[in-house]
Structure formats: structure tokens, C-alpha cells
Amino acid sequence: MVKKSIISKHIIHYSYREPVYGIILIEDEDIKSIQIFDETVNIDAVISRYQSWNPMNFGDFYISPGIIDIGIRPEFENLQNTSRMAASGGVTFFLEEKPLYNEEITENHSDLCCDIGSLLRIDDEKCNIDELKQKSHPFAIKAYLSQPSAIVNAVSDLPSLFFKAQKTGLPLILDPSLPNQRMLYMASPCRFLRINERISQDTSKDLRYLAAAFPDSIDSESDDDEITLNFENKNRRRASEPLVPIFQEDGQPVKRMKVEDKVNYSLDESAIEKIESPNMIIENSSPEQSTVNSIEYRIKVIEESIENLSKAEQLSYQNSGITSYTDPQRRRSVSVCYFNTNSAEEAESPAKKRLEGFRPNPLILSTDSSPHNDDLYIVYIANIPDKWEIAGVDKILQAFSTQKCKLHIANLSSASSVNKIRHAKLPATFFSCDTASSYLCFNDQDIGKGDTRFKDFPPIRTKANSDLLWDLLKLKDIKMISSHHASIPNRYKQLDSGSFRKSLSGVNNLGFNLQSIWTHLMKKPNLEPLRERYLVNMSKWLSLYPAQLLGIDTKRGSISIGQHADLIIWKPYEATTGKSYSEYKETCIYQNSSLYGKISKVMIRGKFVYNEGTFYPNGRFVNNA
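See below:
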């Protein structure tokens, strides 16, 4: 029997709204007892009193429960490296999802620096889930509503999947995106290519226009929809006749589109509601209700703005006329041509006789004149609207209405989709959702040209969307935060070319959840009086609620009696520089970033696995027996 204890003035305990002063008594792997003291008690007196427990004095450090991450894909990184990355950021337990891209990775569960559990991913909805459960002893089941890569299939029969999941007693984790495949191809044409085919793939000859411009890509609209645009038919002028007409392949002249007017587009100001302030004040309502109404209003404004832009773009293409293209191979098939002559004398000249046997080449439209937009993030996200998430959430909610399995919707990037879930008012015991830390801490304005480190699916969206996600998190409509990490080599992230279209999706951010969330909160001056309380809330988002989802909250997720001694010893107010322990640290979005929260030590089941940059392989692979 091994006894040890940790003394701190800042222990995160869920029975208190702010960190408290006390001592944690650890016996072997578990917490035996927690003693809370008044601030006036001298630490030396505590050390003397609990000398038999071998006390370690961390008086000025904060002690938080170990982080539980339900969304990690090692992909091209081995588990040993992945576990070190996790431990350096305070992750003490995570679920390992099989790679979406790498088919050659081999599993090795030795020399781990944190505890790892398995995640049963459904690649074939006809499979026997009970049989697979007996083989892998997973903590959860995961499935995708749309095919995420060339080697993973999607599921479609949700009621059947819910029924099977309910029988196993395991939580079901669903990725909800239901993309329009045409638009998705515009954003990522290599999505369903295997990794060895991506490097040589040439996307420069593909269409480079926004897919939202195609009318049939906008599912919810039709040509007859009312559009709040005002068309002003002013400054009329006739289109000039071409010197040489354009011909079809059969040699017949193309009928030219009749251009009546030059059309100017301007927004109808009467159709735009005046936005007074995002923070609406409603009489005779509680502060919480006022915040809820503010969120509803801001989400509505964002959705209407996106809808107006989509309709305007659609309409501009509908009125753009006809473009004719003549194949270069058929240049000599032209049988008719016209020439303007200025005088009869010129017509009678020898030059006219020479022109009679001369046929000029027709007008050729170059197909390679469009600029390359592969490295523009705005082009990438323009082709991945949040309505795909909303459609997937709608489908899940409709199928779930009569089910009783434990369901979790993962990796939500859109505030509108979370709002759908909030209105469904499903019981928290059966239903929850999460978002990724990257969606909270970054927005499209932070991503520079060609910075493919940030390419993810679904993508990082606007600042307004990110702010709404924070509000929904504070209202507990988003239950937890995960990393949804993926380790991808530089060449597959296209760091050299900066091509968002060819780059693999996935963000390298493992080990930075705690620091990134805390850094974002530290930058909010209005939260300064509440920071100590947010330290407690953060532990719930990162530790307690994930543990409850996986059904391991009796052993993990909090600092309480009977729990494993999974602890983070850190100084949240100390500035530090982000250091990734990934093999592909160049792709890490926090590498060399300025952060708050220096993590000094991490303990798993009473043993140190991380100590000031040094790792100890005291982790293990855990079966859900």
C-alpha cells in the first residue's frame, strides 16, 4: 500500500464554486480522502499533521481533475507519441478512433503516458454490434451520417442503429454533417482519394467557382422564391454586335441572348431589420432569459445574412447570359464569317479578293484564365455551409424522438445546429453534444492565406458564430469540449502548396484544450471577477461531463473520494509558449503560440506521467469490461 498526498490552496472541487484550500490523500491508485481547510491554517501545520501520507506541497499551484477527451484520431502518429502529447496537456484518458486516412498504421499499446480506451466505429451498418463489442470492449460507438473518407462508410438507417446501440448499453456518438456532394467536391475534390493519390492529383483544371453559385446546389430555394433585392433598370444601352459571330459545332450560328438592360443590384433597405444591439434587454425577464433571447436574435441575423448572400449570388448567375465555347480542334469547321468594310473603294480593292479566300479563326474562350483560389480559406468555407450540419441534426432528432439510447452529437461547428438541439428539449440523461476547442478559440479571420493547418471538416466558421458557441456553452446547451485531434504529416496538409482543396481535413491540437480555452477566457476583461469560477466550469466541460457520457464518472472526471487520482498540477495565470510533442509539430495550430496556463505535472492513478517536460510511461490500454 502506497500513501501520498498533495497540498494546495487551489483544489478544483465540484462542491465549491471556486477552488479551495485542502489536502488530497491518495492510497495506491485512488483518492482516499479530501480535507478542506480554512485559509488561515498554516501549510506547515498541515504538512506536520499528515506526515505519514508523504505530503507534497503545491501551495500556489492549482489542482484540476484529469481531462477526458472523446475525440482523438492518431492517424499517422503512433500511440506512444499520441499519449505523450495528451499527457503534456493534462489529458489522462482518451478514446482512440481508428484512422480515416491511414490504412497502414499498427497498434502498439506499450509505453503509454496516459490511459486509452477503444471506440467502436461502425463502418458497416449491417455488422453485428454485439459481436464487435465482445471483441474490442469499447466505451462508446461512433458513426458518420456521410462518408468522411475513402476507407470509411456512412450509416443511413438511424432507427435500427439506435435500437442496436440501446441493446449494448453503450453511448452512441454521431457525426451529423449531411453535405451536398457537388458543393463538397468544390471545396475538397480529393476527399475520396486515397492518401497516396492526393499528392499527384492536379486540381487546377477543376471548376474554380463557388459551388453556391449553382442553383441546384441551394436545396431549399427555387427560382420562384422571393428575393429581397431591388432591380433598377437605368442607363439602358444596346450590347455591341460582335465582329465575328460564334458558331456551334455543327456550323450553325448560336442564337445570341437578347440583352435588354444593364442590371444594377442593390439591397432593399426596407427589407433589412435594424439591429439595435446583440445584447437585448427584455422587460420583466430574468438575466438568463434575456441571454437566451439575445442568442435567438443573433442566430437569426446570421442565418438571414447567409441566406441573402446565397440568393444574391444565385441570381447573379441566373442573369449572366449564355457563354459559348468552340473546341480548338474544330476551328476549320466555320463556314460563315462577316467583315465590316468602310467604303466601296475598299470593297473593290485587291485586298478584298485576297480576303475572299481567307477564313479567320473563331473566338476561343480560354479555360485556364480563372485565378487559382485553392489557398483562400474564404473559398473553402463558402462551399461548406452550416445547413449541412442543421440537416444532419434534423434527421437525427426526427429518428431519435421514439428512442431511448444514450446519444451524443459530436464535433458541432455551427451555433444554428446547436440551437436546433436546444429547442428539441431532449432529456439530458439521453442526449448531449460537444464542440471542438478550435471552433471556440479561432474564427475565419484568424486563418491566413494557404494556412492549411486549420483545414477541418466541418470548418472553423465566423467570429459571430464562435461567440454564439461560447454563449451556448455557458447556458449548458453544449455539454462538453473535445479536441477532435488528428495527426497528419506536413505533405498531406499541403503546407508547401497551401491548397485547402488537396489538404487532408483534421486539426493537430492535442494537449492544448485546457490552455487554449483558458487563454481565450483570460482575454475577456469582463470575466475577470469570475475567472476562478470558470476554472471550475472548465473542469466540468473537459472532465466531468465526458466521464458521465462514457459511464466512467465513478472513477474519473472529478477530484472526489473513490476516484482515480488523475490530477493536473498547473499555474493558470502564468504565461507560456505552446510546445507540441507531435512528430508533425509544424502542423500544430498552437506551436509557439502565446498561452496562459503552465502545466507543471500530470498524475494518472497516483503516478506521475509528466513532469516539466519529462514523461513516464505509467499509462495503459483500458478495456470496458
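If you're matching positions, the sequence shown starts at 1 in the UniProt record's numbering and goes up one per residue.
For each residue, glycine too, the CB sits at the ideal point set by N, CA and C.
Quick caveat: nothing in here was measured; it's all calculated off a predicted structure.
- Task: Can you give me the start and stop residues for the alpha helix (DSSP H) that residue 65 sits inside?
- Result: Working through the sequence shown from its first residue, we reach residue 65 at position 65. No alpha helix (DSSP H) contains residue 65, which is instead part of the beta strand (DSSP E) from 62-65.
- Task: Just tell me which of 409, 295, 445, 402 has its CA closest to the CA of residue 415.
- Result: Your numbering for residue 415 matches position 415 in the sequence shown. Answer by Cα proximity: 295.
- Can a CB atom of chain D be found closer than 8 angstroms to the CB of residue 67? Here there is only one protein chain, and chain D is not present.
- Own chain, CB closer than 7 angstroms to residue 393, minus 5 neighbours either side, in chain order: Counted from its first residue, the sequence shown places residue 393 at position 393. 176, 409, 417, 420, 421, listed in sequence order.
- Item | Between the CA atoms of residue 138 and residue 104 - distance to the nearest angstrom | Walking along the sequence shown from the start, residue 104 turns up at place 104. Walking along the sequence shown from the start, residue 138 turns up at place 138. Between residue 104 and residue 138, the C-alpha separation is close to 22 angstroms.
- Item | Three-way DSSP call (helix, strand, coil) for residue 520 in this model | Taking the first residue of the sequence shown as 1, we reach residue 520 at position 520. Correct three-state label for residue 520: helix.
- Query: Going by beta carbon distance, what residues of the same chain come within less than 6 angstroms of residue 576, once the five residues before and after it are set aside?
  - Reply: As a first step, residue 576 is located in the sequence shown; it is residue number 576 there, counting from the start. Counting only Cβ-Cβ distances below 6 angstroms, and skipping sequence neighbours, we find 595, 598.
- Query: Taking contact to mean at least 3 C-beta pairs separated by less than 8 angstroms, is the segment 525-533 in contact with the segment 448-459?
  - Reply: no
- Would you grab the beta carbon distance between residue 82 and residue 115 for me? Rounded to a whole angstrom, and I think it's under 8 angstroms. As a position in the sequence shown, residue 82 is number 82, starting the count at 1. As a position in the sequence shown, residue 115 is number 115, starting the count at 1. Actually they do not touch by this definition, with Cβ atoms about 12 angstroms apart.
- Query: Quick one: what's got a C-beta closer than 6 angstroms to residue 567's C-beta in the same chain, skipping five residues either side?
  - Reply: Locating residue 567 in the sequence shown gives position 567, where the first residue counts as 1. The answer, listed in chain order, is 63, 603.
- Message: Alpha carbons only, please: which of 45, 179, 17, 6 is nearest the one belonging to residue 381?
- Response: To locate residue 381, count along the sequence shown from 1; it is residue 381. Minimum Cα distance to residue 381 is reached at 179.
- Report the residue from 197, 601, 542 whose alpha carbon sits nearest the alpha carbon of residue 613. Taking the first residue of the sequence shown as 1, we reach residue 613 at position 613. The candidate whose alpha carbon is nearest that of residue 613 is 601.
- With distances taken between CB atoms, is the gap from residue 510 to residue 493 smaller than 8 angstroms? Stepping through the sequence shown from its first residue, residue 510 is reached at position 510. Stepping through the sequence shown from its first residue, residue 493 is reached at position 493. In this structure, residue 493 does not lie closer than 8 angstroms to residue 510 by Cβ.
- Cα-Cα, which of 22, 374, 147 is closest to residue 496? The residue you call residue 496 lines up with position 496 of the sequence shown. It is 374 whose Cα lies nearest to the Cα of residue 496.
- Task: Just confirm the distance between the C-beta atoms of residue 548 and residue 30, as a whole number of angstroms; I'd bet it's less than 8 angstroms.
- Result: Mapped onto the sequence shown, residue 548 falls at position 548. Mapped onto the sequence shown, residue 30 falls at position 30. Between residue 30 and residue 548 the Cβ distance is about 19 angstroms, and since that is not below 8 angstroms, they are no contact.
- Query: Looking at C-beta atoms only, is the number of pairs between the segment 474-483 and the segment 550-564 that lie closer than 8 angstroms three or more?
  - Reply: no
- With residue 544 and residue 553 assumed to form a contact (beta carbons below 8 angstroms), what rounded beta-carbon distance in angstroms separates them? As a first step, residue 544 must be located in the sequence shown, where it is residue number 544. As a first step, residue 553 must be located in the sequence shown, where it is residue number 553. The Cβ separation is near 7 angstroms, so the contact holds.
- Mapping DSSP to helix, strand and coil, what is residue 50? The residue you call residue 50 lines up with position 50 of the sequence shown. Residue 50 falls in the coil class under three-state DSSP.
- Task: Per DSSP, which residues does residue 599 bridge with? Please list them.
- Result: Here residue 599 refers to the residue found at position 599 when the sequence shown is read from its first residue. In DSSP, residue 599 forms a bridge with 570.
- Between which two residues does the beta strand (DSSP E) harbouring residue 35 extend? Locating residue 35 in the sequence shown gives position 35, where the first residue counts as 1. Here the beta strand (DSSP E) through residue 35 covers 30-36.
- Item | Chain-order list of residues whose beta-carbon lies under 8 angstroms from that of residue 517 (same chain, five-residue window excluded) | The count along the sequence shown starts at 1 and reaches residue 517 at position 517. Excluding sequence neighbours, residue 517 sits near 437, 440, 441, 481, 538, 541, 542.
- Item | Where the beta strand (DSSP E) containing residue 96 begins and where it ends | As a working note, residue 96 is residue 96 in the sequence shown. Taken as a continuous stretch (DSSP letters only), the beta strand (DSSP E) holding residue 96 covers 91-96.
- Out of 142, 109, 186, 159, point me to the one whose CA is closest to residue 123's CA. Numbered from 1 along the sequence shown, position 123 holds the residue referred to as residue 123. If we check each option's Cα against that of residue 123, 142 comes out closest.
- Query: DSSP puts residue 444 in a beta bridge; with which residues?
  - Reply: Taking the first residue of the sequence shown as 1, we reach residue 444 at position 444. Answer is none; residue 444 lacks a bridge partner.
- Measure the CB-CB distance between residue 69 and residue 94 and report whether it falls below 8 angstroms. One-based indexing of the sequence shown puts residue 69 at position 69. One-based indexing of the sequence shown puts residue 94 at position 94. It is a contact, given that the beta carbons lie within the stated cut-off.
- Message: So, under 8 angstroms CB-CB, residue 621 and residue 399 are touching, yes? Tell me the CB distance rounded to an integer number of Å.
- Response: Your numbering for residue 621 matches position 621 in the sequence shown. Your numbering for residue 399 matches position 399 in the sequence shown. Actually they are not in contact, since the Cβ atoms of residue 621 and residue 399 sit about 33 angstroms apart, beyond 8 angstroms.
- Going by beta carbon distance, what residues of the same chain come within less than 7 angstroms of residue 465, once the five residues before and after it are set aside? On the sequence shown, residue 465 is found 465 positions in, with the first residue counted as 1. Excluding sequence neighbours, residue 465 sits near 302, 414, 415.
- Item | Cβ shell of residue 43 (< 7 angstroms), same chain only, five flanking positions each side left out | The residue you call residue 43 lines up with position 43 of the sequence shown. For residue 43, where only same-chain residues beyond five positions count, the Cβ hits under 7 angstroms are 7, 57, 59.
- Query: What do you get for residue 401, buried or exposed, if any count of 16 or more other CB atoms within 10 angstroms of its CB means buried?
  - Reply: Numbered from its first residue, the sequence shown carries residue 401 at position 401. Classification of residue 401: exposed, given that the 10 Å Cβ count is below 16.
- Item | Sequence-distant residues of its chain with Cβ nearer than 8 angstroms to residue 571 (five each side left out) | Numbered from its first residue, the sequence shown carries residue 571 at position 571. Closer than 8 angstroms at the Cβ level, and outside the excluded window around residue 571, lie 60, 61, 62, 597, 598, 600.
- Message: I need the DSSP call for residue 610, collapsed to helix, strand or coil.
- Response: In the sequence shown, the residue the question calls residue 610 occupies position 610. In the structure shown, residue 610 sits in a strand (DSSP, three-state: E or B).
- Where the alpha helix (DSSP H) through residue 415 begins and ends: The sequence position of residue 415 within the sequence shown is 415, counting from 1. Note, residue 415: alpha helix (DSSP H), 415-424.
- Proximal residues to residue 498 (C-beta, below 8 angstroms), its chain only, five neighbours per side dropped: For the purposes of this step, residue 498 is taken as residue 498 along the sequence shown, with counting starting at 1. Same-chain partners within the cutoff: 374, 375, 449, 450, 451, 452.
- Item | Segment limits, beta strand (DSSP E) that includes residue 120 | Translated into positions along the sequence shown, residue 120 becomes position 120. Looking at the DSSP string, the run of the beta strand (DSSP E) that includes residue 120 is 115-121.
- Query: What do you get for residue 411, buried or exposed, if any count of 16 or more other CB atoms within 10 angstroms of its CB means buried?
  - Reply: Counted from its first residue, the sequence shown places residue 411 at position 411. Its Cβ being crowded by 16 or more others within 10 Å, residue 411 is buried.
- Message: Output needed for residue 488: all residues of its chain with C-beta closer than 8 angstroms, excluding positions within five of it in sequence on either side, in chain order.
- Response: The residue given as residue 488 occupies position 488 in the sequence shown. These residues qualify, in order along the chain: 75, 76, 101, 504, 506, 508, 584, 587.
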